[in-house]
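Step one of this worksheet: look at the structure below.
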Amino acid sequence: MEQKLGRQRQLICRILTAIGCIAVICLWTFETRAGLITRIDRVAYPVLLTALGTALGVMVLLPRWHRAAEWLAYLSFASYCILMVSFFTAFDADTQLYVISNTLQWMPMLYIAAFVMFRKWEAVVAGVIVFVLATIPLIFMALRGEFSDTDHMISSLVINAYAVHLVVLVSMSLFVVTTMAFDDARAHAAVLEGVAFTDALTGIANRRGLERILGNVAAGETTALRSIGLILMDVDHFKAINDTNGHLVGDRVLEAVAESIAGQLGPGDLAGRWGGDEFLLLCGRPTLTDAHDLAERVRDAVARLNINGVKLTMSAGVMLWNGAGRPEDALHRVDRALYAAKAEGRNRTAREPAVA
1 MEQKLGRQRQ LICRILTAIG CIAVICLWTF ETRAGLITRI DRVAYPVLLT
51 ALGTALGVMV LLPRWHRAAE WLAYLSFASY CILMVSFFTA FDADTQLYVI
101 SNTLQWMPML YIAAFVMFRK WEAVVAGVIV FVLATIPLIF MALRGEFSDT
151 DHMISSLVIN AYAVHLVVLV SMSLFVVTTM AFDDARAHAA VLEGVAFTDA
201 LTGIANRRGL ERILGNVAAG ETTALRSIGL ILMDVDHFKA INDTNGHLVG
251 DRVLEAVAES IAGQLGPGDL AGRWGGDEFL LLCGRPTLTD AHDLAERVRD
301 AVARLNINGV KLTMSAGVML WNGAGRPEDA LHRVDRALYA AKAEGRNRTA
351 REPAVA
């Protein structure tokens, strides 16, 4: 998921940079034909277009330098805007209003691009720095009285535009802070949920987690597991192993068994610790033979274990459940199958017919 989101973000960055190149070409062409291009833009447009084009080329052809190319594109555009702001009062009267308006209406893209291209706090910092750097020249102009010689409409335009810029920057920054708080809360909830539904010793699902899955199957919510094989297994003579070798060895036995089970699971299969030395497996393949084969593979894997010289065997009961009826009824039937395997001498798998 993270990789998919990363690729999506990179695609958006490339699209924005490409749009930037097209915008520069269009403005350059229009202003030249309309006689509105300034002496600064005659030099700045080619430089900006070269920087954006280079950044786009690097993004496409050299993906490992994608982050550096993103910064090149952003800093080039930011430098251009700050340069134009610095010369607001130096432009000819016939082009001054157009240049100021054009620059001010493009500047919010700096804040938007920052929040698209960069990580959350990077975006906030980049946006604030650009806003401050673009404000400093205006402050010096005001202190030198340069705005007093200009039309009051231009002064009002600049003040209103910067007020809007500040609102945009603050709003997006607050959105980032809120999103980060939401992400933290969601991650914390995921951790708590994981703890609630995970067995602390073995790291696989616990009884509560398994019951939730079975409930979803019964409710028809887990369509991929609508018809499943239920396998209930336990370690033969586990109490004797515990009594003879101690609980630490017993815990290591359970951990090793859980690892062996996990190693035999295929796509659509799930497993958890049902309680004590019992493990419940959910076989996603829709035949009783598939469930029986999975149980046998697990038993063979466990039989190859050697924990402190202790040789292990397991008994298993299997059945096919189509999700109809209560999960408790299906579990009762598979428990009877396990009991039958034990009654027949342990170290074997017993089948139970499908239940409606």
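Straight run, no breaks: the sequence shown in UniProt numbering ends on number 356.
The beta carbon of each residue, even a glycine, is placed where N, CA and C say it ideally should be.
Among the candidates the options, whose CA atom is the shortest distance from the CA of residue i?
i      : options                        : result
Gln96  : Trp71, Asn160, Arg39           : Arg39
Ala163 : Asn245, Phe131, His152, Pro267 : Phe131
Glu70  : Arg33, Ala18, Gly309           : Ala18
Gly266 : Asn245, Asn242, Ala291         : Ala291
Trp274 : Leu232, Ala126, Asp243, Ile154 : Leu232
Ala200 : Cys21, Leu138, Ser227, Leu254  : Leu254
Thr103 : Ala73, Gly209, His152, Ala161  : Ala161
Ser155 : Ser101, Val124, Leu110, Thr178 : Ser101
Val249 : Asp234, Gln264, Cys283, Asn306 : Asn306
Ile228 : Asn322, Lys311, Asn216, Ser260 : Asn322
Asp243 : Val310, Val170, His165         : Val310
Tyr45  : Ser76, Val60, Leu166           : Ser76
Val318 : Ala330, Gln10, Val334          : Val334
Ala55  : Leu214, Leu294, Ser260, Met117 : Met117
Leu36  : Gly53, Arg67, Val99            : Val99
Lys342 : Pro286, His247, His237, Ala295 : His237
His165 : Asn347, Tyr80, Asp293, Leu110  : Leu110
Ala256 : Asp293, Ala295, Ile129, Asn308 : Asn308
Leu169 : Val158, Gly127, Ala142, Val60  : Gly127
Leu312 : Arg144, Asp234, Ala262, Tyr80  : Asp234
Ile22  : Ala113, Arg346, Gly53, Thr178  : Gly53
Cys283 : Arg304, Val302, Ile261         : Ile261
Glu328 : Arg212, Ile159, Leu288, Phe88  : Arg212
Taking DSSP as the reference, what is the three-state secondary structure of residue i?
i           : result
Ile228      : strand
Thr198      : strand
residue 360 : Any answer about residue 360 is impossible in this case: the structure gives the chain only from 1 up to 356.
Ala219      : coil
Ile15       : helix
What separation, rounded to the nearest whole angstrom, lies between the Cα atoms of residue i and residue j?
i      : j      : result
Glu31  : Ala90  : 18 angstroms
Gly272 : Gly57  : 50 angstroms
Leu270 : Val298 : 13 angstroms
Ala340 : Thr349 : 9 angstroms
Ile82  : Pro63  : 29 angstroms
Ala316 : Phe279 : 9 angstroms
Ala73  : Leu281 : 54 angstroms
Phe115 : Asp300 : 55 angstroms
Ile136 : Ser173 : 21 angstroms
Ser86  : Leu138 : 7 angstroms
Cys13  : Lys120 : 15 angstroms
Phe140 : Ala185 : 45 angstroms
Ala78  : Asn216 : 53 angstroms
Ala51  : Thr29  : 18 angstroms
Leu320 : Glu344 : 21 angstroms
Ala219 : Ala330 : 14 angstroms
Asp277 : Arg285 : 25 angstroms
Arg33  : Val24  : 14 angstroms
Gly268 : Met314 : 23 angstroms
Arg304 : Lys239 : 20 angstroms
Ala258 : Val177 : 41 angstroms
Buried or exposed: which applies to residue i, given that a residue is buried once 16 or more other Cβ atoms fall within 10 Å of its Cβ?
i      : result
Asp183 : exposed
Asp251 : exposed
Gln8   : exposed
Met84  : buried
Phe175 : exposed
Glu122 : exposed
Trp65  : exposed
Val134 : Before going further, note that residue 134 is Ala rather than Val in the sequence given. The residue in question, Ala134, is buried, as its Cβ has 16 or more Cβ neighbours within 10 Å.
Glu352 : buried
Leu5   : exposed
Asn206 : buried
Val167 : exposed
Thr202 : buried
Asp94  : exposed
Gly209 : buried
Cys26  : exposed
Met180 : exposed
Gln105 : exposed
Gly20  : buried
Ala142 : exposed
Gln3   : exposed
Ala68  : exposed
Leu11  : exposed
Does the CB of residue i have a neighbour CB from chain B at under 9 angstroms?
i    : result
Leu5 : Protein chains in the displayed structure number just one, and chain B is not present.
**Length-filtered (3 minimum) beta strand (DSSP E) runs lying within the UniProt domain "GGDEF" (226–354)** = The qualifying runs are 228–235, 270–275, 278–283, 314–321.
**Item:** alpha helix (DSSP H) runs contained entirely in the stretch 104–171, provided each spans 4 or more residues
**Value:** Listed in chain order, they are 108–117, 120–143.
**Message:** Please give me, in chain order, every unbroken run of the alpha helix (DSSP H) with length at least 4 that falls completely inside the stretch 27–98.
**Reply:** 39–61, 66–86
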